[in-house]
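Peer 1:
In structure tokens form, the structure reads like this:
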């Protein structure tokens, strides 16, 4: 049941646009998890290549973590998010074209995955920093809960529909990604900020590592993040689900979609920055 406060937030135009654009991006990334994973394994039949997809996706976030945060602080967050969504849409269009003509190679998919990972490295902090500028004062906690809930719905529906679409035609899930990322970019452009962000013209090395110092000086946060880090590093077995779906369960991409969606059905929102395809 949605409370009165939540209902008033959902009538807030910019917040509703934010929910939609975040959900579209999350939905597209979940569709990509199924389509790219299945296609790589179909092309190579290699568990190693399947695992490398996750590594190629994760590396940009690990390498650009400080650069991305600085970019979000220095430039307009809405525009950073919009550029990321447009880059993701163009990459999905390339994948859709190659899948339609059956001309995609494993190398091309790895390159496209790297581009998507790079865009996500900038998109994640931009989304997190944009929400407080949209909602009225005093409603951030409730807005965050609603935002997490909408993302969880996308996490459930994205893999299932992506797998079903791939079963119809390999190019269809990529076409869906193009549509949703473009729609997200358009909706992002229509968002109106309730308050302006403080834009920094320059940054010192101390500014870039301020977050590291904050985490290090707060034991509770350090412990929580460290625990989540181990979960990220040791919880990548989901990348191998195409092997279970095809070779063990003898099912198709639609079955893979159901497998990818199942953990999120009864789970909390455990999205981690840099792991949008988990």
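Numbering (my numbering), first residue to last: -17 to 260. Even for Gly, the Cβ is constructed at its ideal location relative to N, Cα and C.
1) Using 8 Å as the cut-off, can you tell me whether the segment 69 to 86 makes contact with the segment 127 to 138, which would need three or more C-beta pairs spanning the two stretches below that distance?
2) Considering only the alpha carbon of each residue, which of 22, 172, 130, 24 lies closest to residue 63?
3) So, with DSSP's three-state summary, where would you put residue 58?
4) Pull up the distance between the alpha-carbon of residue 198 and that of residue 67, whole angstroms please.
5) If the criterion is Cβ atoms closer than 8 Å, does the pair residue 86 and residue 39 meet it?
6) Between 147, 29, 167, which has its C-alpha nearest residue 220's C-alpha?
7) One question on the structure: do residue 42 and residue 96 come within less than 8 Å of each other, judged by their Cβ atoms?
8) So, at 7 Å on beta carbons, what are the nonlocal neighbours of residue -8 in its own chain, with the 5 sequence-adjacent residues on each side left out?
9) Verify whether the separation of the beta carbon atoms of residue 133 and residue 5 is less than 8 Å.
10) Could you tell me the distance, in whole angstroms, from the CA atom of residue 53 to the CA atom of residue 113?
11) When the Cα atoms are used, what is the spatial distance from residue 104 to residue 36?
12) What are the boundary residues of the alpha helix (DSSP H) that residue 157 is part of?
13) What does the Cβ neighbour count give for residue 120, buried or exposed, with the cut at 16 atoms within 10 Å?
14) Could you tell me the alpha carbon to alpha carbon distance between residue 2 and residue 174, rounded to whole angstroms?
15) Just how far apart, CA to CA, sit residue -14 and residue 101?
16) Run through the segment 4 to 44 for me and flag every whole alpha helix (DSSP H) of 4 or more residues, listed as ranges in chain order.
17) Would you call the CB atoms of residue 163 and residue 7 closer than 8 Å?
Peer 2: Taking the coordinates as given:
1) No contact exists between the segment 69 to 86 and the segment 127 to 138.
2) The residue you call residue 63 lines up with position 81 of the chain shown. Selected option, being the one with the closest Cα: 172.
3) In the chain shown, the residue the question calls residue 58 occupies position 76. In this structure, residue 58 counts as coil in the three-state DSSP scheme.
4) Within the chain shown, residue 198 is the residue found at index 216, counting from 1. Within the chain shown, residue 67 is the residue found at index 85, counting from 1. Taking the straight line joining both Cα atoms gives about 33 Å.
5) On the chain shown, residue 86 is found 104 positions in, with the first residue counted as 1. On the chain shown, residue 39 is found 57 positions in, with the first residue counted as 1. No, the Cβ-Cβ distance between residue 86 and residue 39 is not below 8 Å.
6) As a first step, residue 220 must be located in the chain shown, where it is residue number 238. Selected option, being the one with the closest Cα: 29.
7) Numbered from its first residue, the chain shown carries residue 42 at position 60. Numbered from its first residue, the chain shown carries residue 96 at position 114. Cβ atoms of residue 42 and residue 96: closer than 8 Å.
8) On the chain shown, position 10 is the one that residue -8 refers to. Hits under 7 Å: -2.
9) As a first step, residue 133 must be located in the chain shown, where it is residue number 151. As a first step, residue 5 must be located in the chain shown, where it is residue number 23. The answer is yes: Cβ separation under 8 Å.
10) Counting from 1 along the chain shown, the entry for residue 53 is found at position 71. Counting from 1 along the chain shown, the entry for residue 113 is found at position 131. Taking the straight line from one Cα to the other gives about 17 Å.
11) One-based indexing of the chain shown puts residue 104 at position 122. One-based indexing of the chain shown puts residue 36 at position 54. Straight through space, the alpha carbons of residue 36 and residue 104 are spaced by roughly 17 Å.
12) On the chain shown, residue 157 is found 175 positions in, with the first residue counted as 1. From DSSP, the alpha helix (DSSP H) with residue 157 extends over 154 to 171.
13) Counted from its first residue, the chain shown places residue 120 at position 138. It counts as exposed.
14) Here residue 2 refers to the residue found at position 20 of the chain shown. Here residue 174 refers to the residue found at position 192 of the chain shown. In this structure, the straight-line span from the alpha carbon of residue 2 to that of residue 174 is close to 14 Å.
15) For this step, residue -14 is matched to residue 4 along the chain shown. For this step, residue 101 is matched to residue 119 along the chain shown. Residue placement at residue -14 is poorly supported in this model, since its pLDDT is 44, which falls under 50; the coordinates still yield a value, given next. Residue -14 and residue 101: Cα-Cα distance of roughly 36 Å.
16) none
17) As a working note, residue 163 is residue 181 in the chain shown. As a working note, residue 7 is residue 25 in the chain shown. It is a contact, given that the beta carbons lie within the stated cut-off.
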